[in-house]
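Just add 766 to wherever you are in the sequence shown, counting from 1, and you've got this note's numbering.
From the three backbone atoms N, C-alpha and C, an ideal C-beta is built for every residue, glycine too.
Report on the following structure.
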Amino acid sequence: MQITNEKIHTKIHEMVYSNVLFKNLFECMSTGIAYTNSEGQILHCNQAFESFLGYRTGDLFYTNILDLVQAEQKVVLHKELTDALDKTENPPKQILFIKNNQEEAYFQTEIKQAESIDNVPIFTILISNVLLTREAFGQEEQEESLFETIIKHSKDPIIISDAKPDGRVPDIIYANQAFCDMCGYTREEIIGNQPSMLGGTETNLNDLIKVVEAIKNEEEGVFELLNYKKDGTKFWVQFSILPLKNKEGKTTHWVAFEKDITKNKEQHDLLVESEAKYRSLVQNSSVGIYILNANGFSFVNKKLCEITGYSEEELTQLPLTKLIHANDYFRVHKQVQNRLLGINIEPDNNEFRIIRKDGVCRWLEAHGSRLIINGTPSIIGIITDSTERRESEEKIRKFSQAIEQSAASIIITNLASEIEYVNPAFINITGYKKEEIIGENPRILKTEFNEKNSHIEMWEALNQDKSWRGVFLNKKKNGETFWEQVVISPVFDSAGNKTNYVAVKDDITKRILLEEEKEKLIEELTISLNELQQFTYITSHNLRAPITNLVGILDLLEWDKIKDQTTLELLEGFKKSTLKINETLEDLIETLIIKSKSNLKYQNIQFHEVLNSVKQSINQIIKENKTQIEADFTEAPEYFLVKTYVESIFQNLITNSIKYAKPGVPAHIKIKSTYNKEGKLVLSFSDNGIGLNMEKIKDRIFGLYQKFHKNKDSKGMGLFLVKSHVHAMNGNIELTSEINKGTTVTIIIDK
């Protein structure tokens, strides 16, 4: 039998390789082909068959195919051989083969009986896909039958076409059933047509040109085309073309091995589309995305470039030492190395500082996971700029501390007025524990003694998203009442939605009690002052008549008839004292009149008219002392005031400047009216006189009967009256002065 098998092997080999067409088909097909006898011994096989099972060329000759399958599969394969011997048609089966490296693999297996050689039945065993054709080129009937069996049962579409001269498109001379099934045409409809019959409106012309160029140059090639089935359905096909040459090397035919790749193409397109989508999402993400290995960044997206200030090219070449802040580098470097080495592979969060390209320090937060990319340990993750968050957290921490340590009572409620938070000051003031007050309504503190409609006004303001200020009389847990000044404001989230109310409350009980005591004291002082004023008024008027009589009597005395010198001196002294008392009484009465006037007559005063009137009344004094008066009323020429008071102010201040001029130097007086930033009237009087020592007299400058120079005409009443007039008109007065430089009086009167 061994000799017979060798003869049969030689016979098959000669038959396969006697024709160039069948030789190329046999060796180039992707389907594994083996010829066996009825016992399963392999008499011949192609390279694909050996390659599938991991053997070299010739290793499988005379090996029994039953020894190449898993033990339980031997029965199945033996039955297939038996059925083939009996001409029984069986569909292809999945058979578990054992490869040369002892790995197990399933192959689609089909067994058919071929023609006998030397009365020995020969079987064709096909595994996986078969890429062979049937061709009738005048071969012997036995040879034709063998390859017809192979082509007939091939699962891959195959067509054979003739070779036209000058590279013209050939005509199809053969198509197997798989090709007909793929395109929906019958063999009769296909034979005699060109392969371009499957083209359509969307078939790419450039792809067709590539095929034509390969045929023209008699070159092998692999191509993809969009074709159309008979019913118009589009499908994608991948095919390889192979020129078949005769003994003289002339191309006589073309064979095309085809495969419907529509599903693969659709999946590929989906993958491409999906990849494009994900790439777009990554590049346009609002967070930084990176891939990092031992050499640094291998990928960064646009956001990470924006965060760091570096370009993509710069970041992928930048050492981490130049990016990460020196104080954080060693910690981050150690964590990265441990992650890459697999010491810590769990996803982590890491926060550190970087130095941007522009030199600005920023805080980043990184989240990363370890994975292997192209065999290289890497970390893929996201990075966000946490600088603002850290700053916000720091602000919140400070605000929280301020709230916790605040002496003011602070309450936060939800929109249903349920208390969500109170600070320690609230606990200390009210006596409630936190667990007793959380969830309660602030009305738990309410008493019945609050101002009417105060709560209505409060809710009207809050419902309009405004703050409200007011005062409440509330009660503590023990029932004790206390006064609170309250500011309640709405709280909004980042989207502008109202979420809470916050109330800041100051305990003003002591202040209220002090104000009540002050009001009582003011009331008592007012009564006393009125009584004193009435007493002074009565006293001054009761004294005025006797003093006037005494002055009249003294005027009636005939002083020339009094000869007694002692009597004359006593009467002179008595007269001086009486006149002094009378003068003082007049000043007192005038002061009382100013202080007691509550209904003063205000009118629009023209300052230049007042000055002219005063200058006329003291014209003689001005001339005698060669006084210069410089006035500027352009900015504030008029104001609504009491005319008699204004005239008195002008006259007293001008005459004071004349009285206290430097010896031998005429008085130079500057008067100006203007408005300050608050819109109040400002009157200023400046001179170049002898000035005053303000350090010594500043507390007495506007006092009654205060004299600061030895001047016989001074009574100490002028500045006192000026201040009284100014205060009566709701104003304030200031005086600045320097020795030998002069004095300035500034009067500010409110609107």
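Residue environment, residue i, which counts as buried when at least 16 other CB atoms sit within 10 Å
i: residue 839; result: buried
i: residue 810; result: buried
i: residue 1491; result: buried
i: residue 1105; result: buried
i: residue 1225; result: exposed
i: residue 985; result: exposed
i: residue 1370; result: exposed
i: residue 991; result: buried
i: residue 888; result: buried
i: residue 1208; result: buried
i: residue 803; result: buried
i: residue 1451; result: buried
i: residue 1489; result: buried
6 Å Cβ shell around residue i - same chain, five flanking residues per side excluded
i: residue 768; result: The predicted position of residue 768 is uncertain, since its pLDDT is 49 and thus under 50; a value taken from the coordinates is nonetheless stated next. Nothing meets the Cβ criterion.
i: residue 1006; result: 988, 1023
i: residue 1184; result: 1205
i: residue 1235; result: 1253
i: residue 1530; result: Residue coverage of the chain in this structure runs from 767 to 1517, which leaves residue 1530 outside it and unanswerable.
i: residue 1129; result: 1119, 1152, 1153, 1156
i: residue 1078; result: 1066, 1071
i: residue 1516; result: 1446, 1496
i: residue 1502; result: 1510
i: residue 1102; result: none
i: residue 1237; result: 1251
i: residue 1188; result: 1177, 1203
Residue closest to residue i, alpha-carbon to alpha-carbon, out of the options
i: residue 806; options: 968, 1040, 842, 1245; result: 842
i: residue 1388; options: 1368, 1424, 1401, 1456; result: 1424
i: residue 1174; options: 1183, 1135, 1191; result: 1191
i: residue 1148; options: 1136, 1141, 1496, 991; result: 1136
i: residue 1513; options: 1256, 1461, 1193, 1440; result: 1440
i: residue 1216; options: 1339, 1247, 1494, 1196; result: 1247
i: residue 1415; options: 1086, 1243, 1495, 1284; result: 1495
i: residue 997; options: 1071, 1447, 1219, 949; result: 949
i: residue 1268; options: 853, 1231, 929, 1095; result: 1231
i: residue 1132; options: 851, 967, 1070, 1008; result: 1070
i: residue 962; options: 979, 937, 1394; result: 937
i: residue 1398; options: 1436, 1042, 1193, 799; result: 1436
i: residue 1504; options: 1167, 1454, 995; result: 1454
i: residue 1172; options: 1143, 1060, 1273; result: 1273
i: residue 890; options: 960, 1186, 947, 815; result: 815
i: residue 979; options: 1004, 934, 952; result: 934
i: residue 1459; options: 1400, 1099, 1508; result: 1508
DSSP bridge partner residues for residue i (one or two, in chain order)
i: residue 1130; result: 1118, 1151
i: residue 890; result: 801, 878
i: residue 844; result: Beta-bridge pairing links residue 844 to no other residue.
i: residue 1166; result: Its beta-bridge partners do not exist; DSSP assigns none.
i: residue 990; result: 1004
i: residue 1022; result: 925, 1007
i: residue 1144; result: 1137
i: residue 1065; result: 1057
i: residue 1510; result: 1452, 1502
i: residue 1034; result: Residue 1034 pairs with nothing; no bridge assigned.
Own chain residues within Cβ distance below 7 Å of residue i, not counting five before or after
i: residue 867; result: 820
i: residue 895; result: The predicted position of residue 895 is uncertain, since its pLDDT is 46 and thus under 50; no value can be drawn from it.
i: residue 1076; result: 1084, 1123
i: residue 1376; result: 1412, 1413, 1416
i: residue 856; result: 846, 849
i: residue 1402; result: 1439, 1440, 1441, 1447
i: residue 955; result: none
i: residue 1372; result: 1403, 1404
i: residue 1275; result: 1248, 1249
Contact set for residue i: own chain, Cβ-Cβ below 8 Å, skip 5 residues either direction
i: residue 777; result: 883, 884
i: residue 1097; result: 1118
i: residue 870; result: 836, 862, 863, 864
i: residue 1506; result: 1428, 1456, 1457
i: residue 1364; result: Residue placement at residue 1364 is flagged as unreliable, the pLDDT there being 47, under the threshold of 50; a coordinate-derived value is accordingly withheld.
i: residue 970; result: 991, 992
i: residue 832; result: 806, 840, 843, 844
*Can you check the segment 1395 to 1474 for any alpha helix (DSSP H) of at least 4 residues that lies completely inside it and give the ranges in chain order?*
DSSP runs (the alpha helix (DSSP H)) wholly in the segment 1395 to 1474: 1409 to 1425, 1460 to 1463.
*In chain order, which continuous runs of the alpha helix (DSSP H) of length 4 or greater are located wholly inside the segment 1218 to 1273?*
Qualifying alpha helix (DSSP H) stretches, in chain order: 1220 to 1229.
*Jot down the residue ranges of each uninterrupted beta strand (DSSP E) in the segment 1063 to 1107, minimum 3 residues, whole runs only, in chain order.*
Within the segment 1063 to 1107, no beta strand (DSSP E) run of at least 3 residues lies entirely inside it.
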